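Notes follow once the structure below has been shown.
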Amino acid sequence: MKRRWFYIICLTFLLLLPKWGRAQEKPLVVASIFPLAELAKAVGGQEIEVKLLLPPGADPHSWEITPQDVLMMKKAKVLVAVGGGLEPWLDDFLGSFSSKNLNVIFMLPEKVKRVHRNHNHHYGLDPHVWLDFPRDIQFVERLAQTFGKIFPTKKDIFLKNAKETQTKLKALHEAYVKSLSSCSKKIVPLAGHKAFGYWEKNYGLHFVALAGLSPEAEPTPKTLYQLIKIMKKEGLKAIYYDEPRYRKFAEVIAHETGAQIFYLSSGAILTQEEISKKVSFWDLMWRNLRYLCIGLECSCPN
Numbered sequence: 018m019k020r021r022w023f024y025i026i027c028l029t030f031l032l033l034l035p036k037w038g039r040a041q042e043k044p045l046v047v048a049s050i051f052p053l054a055e056l057a058k059a060v061g062g063q064e065i066e067v068k069l070l071l072p073p074g075a076d077p078h079s080w081e082i083t084p085q086d087v088l089m090m091k092k093a094k095v096l097v098a099v100g101g102g103l104e105p106w107l108d109d110f111l112g113s114f115s116s117k118n119l120n121v122i123f124m125l126p127e128k129v130k131r132v133h134r135n136h137n138h139h140y141g142l143d144p145h146v147w148l149d150f151p152r153d154i155q156f157v158e159r160l161a162q163t164f165g166k167i168f169p170t171k172k173d174i175f176l177k178n179a180k181e182t183q184t185k186l187k188a189l190h191e192a193y194v195k196s197l198s199s200c201s202k203k204i205v206p207l208a209g210h211k212a213f214g215y216w217e218k219n220y221g222l223h224f225v226a227l228a229g230l231s232p233e234a235e236p237t238p239k240t241l242y243q244l245i246k247i248m249k250k251e252g253l254k255a256i257y258y259d260e261p262r263y264r265k266f267a268e269v270i271a272h273e274t275g276a277q278i279f280y281l282s283s284g285a286i287l288t289q290e291e292i293s294k295k296v297s298f299w300d301l302m303w304r305n306l307r308y309l310c311i312g313l314e315c316s317c318p319n
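So, in structure tokens, the structure goes:
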């Protein structure tokens, strides 16, 4: 009799175990790039699991989704993406993906995404919108509201986390405004592509880049010479680069001008060192400000 009850208890435990395991699993949110993953983590906190789709060191402008990623997406409740042509795989994926459980949150409005696609992906629009901190503040609110609709029992937590994240973003934006308004130099020579257009708009800087807005554009001897000429004429003492592959051009320019070299990260592509140190989006943006303050001769934040 005791043995019979033992088997019944064991069988009941085995039947309930998968259900308990499922109950303990956190909802999965997938983000297309690192900055969006960081914002999603900040809003979701301990209530969701966030996975970054882009592998370490990969370029979001050229990376393509894999079958393993599609399988992961089938388990996800939310996909957070920029849109606007930044992720070249996104339109085809959404057109063929059959899961009705996946909610997609675009950082760029849907109408902007369509306009960009219709213009054959020529990068007439700057898709690096996560570098527009006031826009990030609005986007964080959208994340909280959307997460709250999908997971209504956690809505108050998401809204609280969003408020805290907005405070951090506001402080970051205000530090950029205050510090960069004090710079004696406003021209930022960049050995790379023009990913910082929102900082021109928000903080009065002028980026002179070797390549254009498109990441596929490569520097030419002519653009290299022109940038060196501008730096000498303006007395610029710093040269920046925005991707590891552009450092070699920064070194050539530094040799010709005597300028210091600084890495200005958009946050889209992480170096191996940044990955190993587990740097955050906030770390990168505060470091960027520090490097700009040094190179442009500004009053740096404490």
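Numbering-wise, the working numbering comes out as the position in the sequence shown, counting from 1, plus 17.
Where a beta carbon is used, it is the ideal one built from N, C-alpha and C, also for glycine.
Here the structure is a predicted model, which means the values were calculated and not measured.
How would you write the range of the alpha helix (DSSP H) that residue i sits in, first residue to last?
i    : result
I154 : 150–167
S244 : Checking the displayed sequence, the identity of residue 244 turns out to be Leu instead of Ser. First-last of the alpha helix (DSSP H) with L244: 238–251.
F110 : 107–113
I292 : 289–293
H272 : 264–274
A54  : 51–61
L45  : It is not in any alpha helix (DSSP H) - L45 instead sits in the beta strand (DSSP E) that spans 45–48.
K211 : Premise fails: K211 is in no alpha helix (DSSP H) and is neither H nor E.
By alpha-carbon positions, which one of the options ends up nearest to residue i?
i    : options                : result
L222 : K239, H210, P236, C200 : C200
Y220 : K68, W299, P77, K202   : K202
I154 : M124, K92, L253        : M124
V157 : P144, K171, E191, I122 : I122
T83  : V99, A57, F114         : F114
Y215 : F150, A179, K265, N178 : F150
A238 : A208, E251, P261       : Per the sequence shown, the amino acid found at residue 238 is Pro instead of Ala. Ranking the options by Cα distance to P238, first place goes to A208.
K254 : V296, Y242, E290, I311 : I311
L119 : K92, W80, W303         : K92
C315 : N178, Q162, S198       : S198
F175 : L69, I247, K218, A59   : A59
L287 : M89, D76, W80, K172    : D76
Run the CB neighbour count on residue i, radius 10 Å, all protein chains shown included, and call it buried at 16 or more, exposed below.
i    : result
D109 : exposed
E104 : buried
D259 : buried
A188 : exposed
P169 : exposed
G101 : buried
V87  : exposed
H272 : exposed
I292 : exposed
A48  : buried
E42  : exposed
Y242 : exposed
T12  : This structure cannot settle anything about residue 12, because the visible part of the chain is limited to 18 through 319.
L111 : exposed
T184 : exposed
P72  : exposed
G74  : exposed
G38  : Because the pLDDT at G38 is just 44, under 50, the model does not fix this residue reliably, and the value given afterwards should be weighed accordingly. Classification for G38: exposed.
G61  : buried
P126 : exposed
Residue range of the beta strand (DSSP E) that residue i falls in?
i    : result
I122 : 120–123
E66  : 66–69
Q277 : 277–280
I311 : Run containing I311: none in the beta strand (DSSP E); it sits in the alpha helix (DSSP H), 298–312.
V87  : That residue, V87, is in no beta strand (DSSP E); its alpha helix (DSSP H) goes 84–92.
L222 : Segment: none, L222 is in no beta strand (DSSP E) and carries neither H nor E.
A255 : 255–258
A285 : Taken as a continuous stretch (DSSP letters only), A285 belongs to no beta strand (DSSP E), as it is neither H nor E.
A228 : Segment: none, A228 is in no beta strand (DSSP E) and carries neither H nor E.
Am I right that residue i and residue j are in contact with their C-beta atoms under 8 Å? What's the rounded C-beta distance?
i    : j    : result
V194 : F224 : About 17 Å; that fails the 8 Å criterion.
F51  : A285 : 7 Å
K117 : L45  : That belief does not hold up - the Cβ atoms of K117 and L45 are roughly 16 Å apart, past 8 Å.
S17  : L281 : As displayed, the chain neither begins before 18 nor continues past 319, which places residue 17 out of reach and without an answer.
Y257 : F279 : 5 Å
P144 : V97  : With 8 Å as the limit, P144 and V97 do not qualify as a contact, their Cβ atoms being about 14 Å apart.
L160 : A57  : 6 Å
L148 : S297 : With 8 Å as the limit, L148 and S297 do not qualify as a contact, their Cβ atoms being about 15 Å apart.
F266 : L313 : With a Cβ gap of about 20 Å, F266 and L313 do not count as contacting.
T274 : K250 : 11 Å between Cβ atoms; not a contact.
Fully enclosed by the region 171–203, which alpha helix (DSSP H) runs are 4 residues long or longer? Counting only runs of 4+ residues, the alpha helix (DSSP H) found wholly inside the region 171–203 occupies 172–197, in chain order.
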